[in-house]
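Heads up, the thing below is written out as structure tokens.
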Amino acid sequence: MLNVISYILFLILSISYSLRALQTITNMDSKNSAPILNYKKINYSKNLVGYQLKGKKGETAFFEIHPKYLNIVVILNSNCPHCIEHFEEFWNILTYRNLKVSLQILINESSDKLIEYLDLVDPHLSVFQYNNDLIDEFQIPYYPAFIILNQQGKIEFITPDVYELDLLFLRRDSLLINS
Numbered sequence: 628m629l630n631v632i633s634y635i636l637f638l639i640l641s642i643s644y645s646l647r648a649l650q651t652i653t654n655m656d657s658k659n660s661a662p663i664l665n666y667k668k669i670n671y672s673k674n675l676v677g678y679q680l681k682g683k684k685g686e687t688a689f690f691e692i693h694p695k696y697l698n699i700v701v702i703l704n705s706n707c708p709h710c711i712e713h714f715e716e717f718w719n720i721l722t723y724r725n726l727k728v729s730l731q732i733l734i735n736e737s738s739d740k741l742i743e744y745l746d747l748v749d750p751h752l753s754v755f756q757y758n759n760d761l762i763d764e765f766q767i768p769y770y771p772a773f774i775i776l777n778q779q780g781k782i783e784f785i786t787p788d789v790y791e792l793d794l795l796f797l798r799r800d801s802l803l804i805n806s
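Mapping the sequence shown onto my numbering, position 155 (from 1) lands on 782, and the numbers just tick up by one.
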């Protein structure tokens, strides 16, 4: 019975997110026929790539920028009630669209359950642990945070909305590649 209720709730959430994305797509600007997106475009002067992190096992690690791919960072928090659900939706979009991206995931320190979950999703994911200093320094306003890094390793775009990110994948030639 609990599984049926969980499935129904998941279905309702999926439908509501789909309708929201559809509404965003249909809310077109007549000048250039581009969707009106509510993302936060940022040009930080700080480089996220140089920031020291911990790997899954506690070793010192750093981000890497891959020049051939779109560089995406996902920030999850074990105290966030919907982070896993949003990550699953994001993962489904990546696999459905067969997108070739450089994906690096940040989780808060001491998040053993998140590490176990991400290992189940794909044991080869690049997972790093962060402390709250990183969140404060880069002014990350929400969880989950889906971040696109430019080729210099600076935050170019941030959103909590998986479907808004999906719209950017559809428009990446005009917004992301030119950055």
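Glycine included, each C-beta is placed from N, C-alpha and C at the ideal position. Quick caveat: nothing in here was measured; it's all calculated off a predicted structure.
- For residue 718, the CB contacts under 7 Å within the same chain, skipping 5 residues up- and downstream, are 748 in chain order.
- Annotation: the continuous alpha helix (DSSP H) that includes residue 791 extends over 789–797.
- In its chain, beyond the 5 residues on either side, 771 and 789 have a beta carbon closer than 6 Å to the beta carbon of residue 713.
- The three-state reading of DSSP puts residue 777 in coil, since its state is none of H, G, I, E or B.
- Rounded to the nearest whole angstrom, the CA to CA distance from residue 695 to residue 740 is 32 Å.
- Ranked by Cα distance from residue 705, the options 630, 737 and 689 are led by 737.
- In the structure shown, residue 740 falls within a helical segment according to DSSP collapsed to helix, strand and coil.
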